[in-house]
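Residue numbers (the numbering used here): 4 to 542.
To keep things clear, I will list the structure first and then write my remarks on it.
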Ligand code: TNX
């Protein structure tokens, strides 16, 4: 398993030592790390994503050995969030932090559910911090969970270490009131081009949680591998999942493993959207079952990185038996609302066949109780009522294609924005980036942050935009370190675009808050790209 913790970057670790107040003359003298040390109290709201409303006031709260975490013990969900918070804070603080009933948590950190506080919505929260206690209030447990991420980021980065650090553990005084701009804030992981284990996916889920992402889209099938067990078509995984890009051994999730991913994501208040990409991107399936091919001949497993060469056989009846079985079994594994059917780059499917296929397949998703999500090519057919389409065009996408998507949006189709030249985490940052692709151009950190989802697609009504998603395609990425260095530090910026109000959007202040995340990345063992656009500590 490549889920190893990395030795933090030298400079980062020196900064942490300095931040933690450990005297280490030699290290600080050598590194000149003084410039980047963290303040003992992080100013309220200096976090990512930046909160909607921040009112600093009074003295900080200090977490101590005696601090208790108070929850509404009649709510299983709020107890679970309390335990999660304690689990985050115990290793580095070394404090016991018992999770107790609110009544017994005087002077502690209290998590409160207030079902009547409508202004906080489904995910909003209010954090009040003063010397006599911290109170986190939310209408829903999801709001408590998002608020816990704020509380966590207000503490020094050293809190992310898995061994005891010196502290002090202060939370600035005042009140944050925070609700998300968009209901949909997603990240996609391509586990087909390279397979990632359950533990590796959980690691990504935890990283997403820190930035208040609420949707994990898993790209479960493609030419290079079928990664989810389907009992009625077992060769999809035993054969179709056996390899990956480059020909190394692949892998797949059993149903129990997949359920474990879904459960873990739910514990971080993330909804999993499974994607089965159709009718293109299907060599893994076509290679597993000859009858799915129009000529009845199974092609070999594909381990290259080209796209657009495969298609399910649209005229054959067996294709729809296959699709029905797959969608039924995957819908059964999915407590979430959505099922993504892909639909991109079907270059080996005629337009007429594509339309026929989508007309037949979308009702199957509805039959099994799910709502369709498709890549924006779905607007070339007729998106089902309630369908969401995921736009992955770029600045140079022809105006007619953009207009087709905008017209669908005006017609009621919801949009998820993943513009490839902004939101694709697999694009190289610059010409010296070792990993990644370049077809959408270089995507430096500023470029990925500095755009407005509401006005991005000309002619699309603002209300059609459900949110943003950052896809991480893995043709060139095979380890968690590879994922880290492409996702970080672009992912936090895309998360901020999804969460924070448009009025807060400002690169010059964002880049400073982002730089302040560096010691946190280091403490968490997250490798990241040291973009020259960002004023990293110590540089
Ligand atoms: C385009 S985006 C694709 C994927 C590739 C990706 C690489 C989309 C819907 N299709 O098949 O992995 O580019 O950047």
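Glycine included, each C-beta is placed from N, C-alpha and C at the ideal position.
Do residue 120 and residue 149 have their C-beta atoms within less than 9 Å of each other?
Going by C-beta atoms, residue 120 is not nearer than 9 Å to residue 149.
Provide the residue span of the beta strand (DSSP E) that contains residue 378, from first to last.
Residue 378 -> beta strand (DSSP E) spans 374-378.
Is it buried or exposed for residue 530, if we count other Cβ within 10 angstroms and need 16 for buried?
Result: buried.
Since residue 144 contacts residue 221 with CB under 8 Å, what's their CB separation in whole angstroms?
Not confirmed; about 23 Å, so no contact.
Quick one: residues in its chain with C-beta nearer than 8 Å to the C-beta of residue 32, no 5 flanking neighbours on either side, listed in chain order?
With a pLDDT of 29 at residue 32, under the threshold of 50, the predicted position of this residue should be treated as unreliable, though the coordinate-derived value follows. Same-chain partners within the cutoff: there are none.
For residue 474, write down the residues that DSSP places opposite it in a beta bridge.
Beta-bridge pairing links residue 474 to 191.
When the Cα atoms are used, what is the spatial distance from residue 38 to residue 60?
Summary for residue 38: the model assigns pLDDT 40, below 50, so the residue's position carries little reliability, and this model does not support an answer.
Identify whether residue 146 lies in helix, strand or coil by the three-state DSSP scheme.
In the structure shown, residue 146 sits in a helix (DSSP, three-state: H, G or I).
Grab the span of the beta strand (DSSP E) containing residue 343 for me, first residue to last.
First-last of the beta strand (DSSP E) with residue 343: 341-345.
Give a yes or no on whether 9 Å exceeds the smallest Cβ distance from residue 287 to chain D.
This model lacks chain D altogether; it includes just one protein chain.
Ordered along the chain, which non-local residues of its own chain (more than five positions away) have a Cβ less than 7 Å from that of residue 533?
The residues are 539.
Measuring from the CB of residue 265, is there a heavy atom of the ligand TNX at a distance below 8 Å?
Checking the Cβ of residue 265 against the ligand TNX gives no.
Across the region 124-135 and the region 72-89, are there enough close Cβ pairs to call them in contact, namely three or more that are closer than 8 Å?
Counting Cβ pairs under 8 Å, fewer than three are found: no touch.
Out of 369, 201, 215, 281, which has the shortest C-alpha to C-alpha gap to residue 267?
Among 369, 201, 215, 281, the Cα nearest to that of residue 267 is on 201.
Tell me, please, which residues DSSP counts as bridged to residue 131.
Answer by DSSP bridge pairing, in chain order: 138, 178.
Do residue 526 and the ligand TNX come close, with the Cβ less than 8 Å from some heavy atom?
Because no heavy atom of the ligand TNX lies under 8 Å away, the Cβ of residue 526 does not count as near it: no.
Answer yes or no: the CB of residue 284 versus the heavy atoms of the ligand TNX, is any distance below 8 Å?
At least one heavy atom of the ligand TNX is nearer than 8 Å to the Cβ of residue 284, so yes.
Let me check you understand the geometry: is the CB of residue 364 closer than 8 Å to at least one non-hydrogen atom of the ligand TNX?
Because no heavy atom of the ligand TNX lies under 8 Å away, the Cβ of residue 364 does not count as near it: no.
Just checking my contact of residue 405 with residue 415 at CB under 8 Å: how many whole Å lie between their CB atoms?
With a Cβ gap of about 18 Å, residue 405 and residue 415 do not count as contacting.
Is DSSP giving residue 513 helix, strand or coil here?
It is helical.
Decide if residue 247 is buried, meaning its Cβ has at least 16 other Cβ atoms within 10 Å, or exposed.
So residue 247 counts as buried.
Apply the 10 Å Cβ neighbour rule to residue 519 and answer buried if 16 or more other Cβ atoms are within range, or exposed otherwise.
Residue 519 should be labelled buried.
By the three-class DSSP mapping on this structure, what secondary structure does residue 330 have?
Three-state DSSP puts residue 330 in a helix.
Can you tell me whether DSSP reads residue 165 as helix, strand or coil?
Residue state, collapsed to three classes: coil.
Given a cut-off of 9 Å on the beta-carbon distance, is the pair residue 66 and residue 92 in contact?
A contact, by the Cβ cut-off of 9 Å.
Nearest to residue 110 by alpha carbon, out of 86, 73, 117, 116?
The shortest Cα separation from residue 110 among 86, 73, 117, 116 belongs to 73.
Opposite residue 152 in the DSSP bridges: which residues?
Note: residue 152 sits in no beta bridge, so no partner.
Consider the C-beta atom of residue 342 and the heavy atoms of the ligand TNX; say whether any pair is separated by less than 8 Å.
Flag unset: Cβ of residue 342 not near the ligand TNX.
What is the rounded straight-line gap between the Cα of residue 27 and the Cα of residue 515?
With a pLDDT of 29 at residue 27, under the threshold of 50, the modelled position of that residue is not reliable, and no figure is offered here.
Is any heavy atom of the ligand TNX found at a distance shorter than 8 Å from the C-beta of residue 238?
No, the Cβ of residue 238 stays beyond 8 Å of every heavy atom of the ligand TNX.
Near residue 195, what residues of its chain come up, given a Cβ to Cβ distance below 7 Å and the 5 sequence neighbours on each side ignored?
So the qualifying residues of the chain are 222, 223, 224, 225, 227, 228, 230.
Since residue 238 and residue 292 should fall inside the 8 Å C-beta cutoff, what is the C-beta to C-beta distance between them, to a whole number of angstroms?
Yes, they are in contact, since the Cβ atoms of residue 238 and residue 292 sit about 6 Å apart, within 8 Å.
Restricting to Cα atoms, I'd like to know which of 204, 290, 211, 213 is closest to residue 245.
When each option's Cα is compared against that of residue 245, the closest is 290.
What residues match up with residue 220 in a beta bridge as DSSP calls it?
Per DSSP, 191, 276.
Below 8 Å, is the gap between the Cβ of residue 386 and the nearest heavy atom of the ligand TNX?
Not under cutoff, so the answer is no.
Could you tell me the distance, in whole angstroms, from the CA atom of residue 468 to the CA atom of residue 166?
Roughly 42 Å separates the two Cα atoms.
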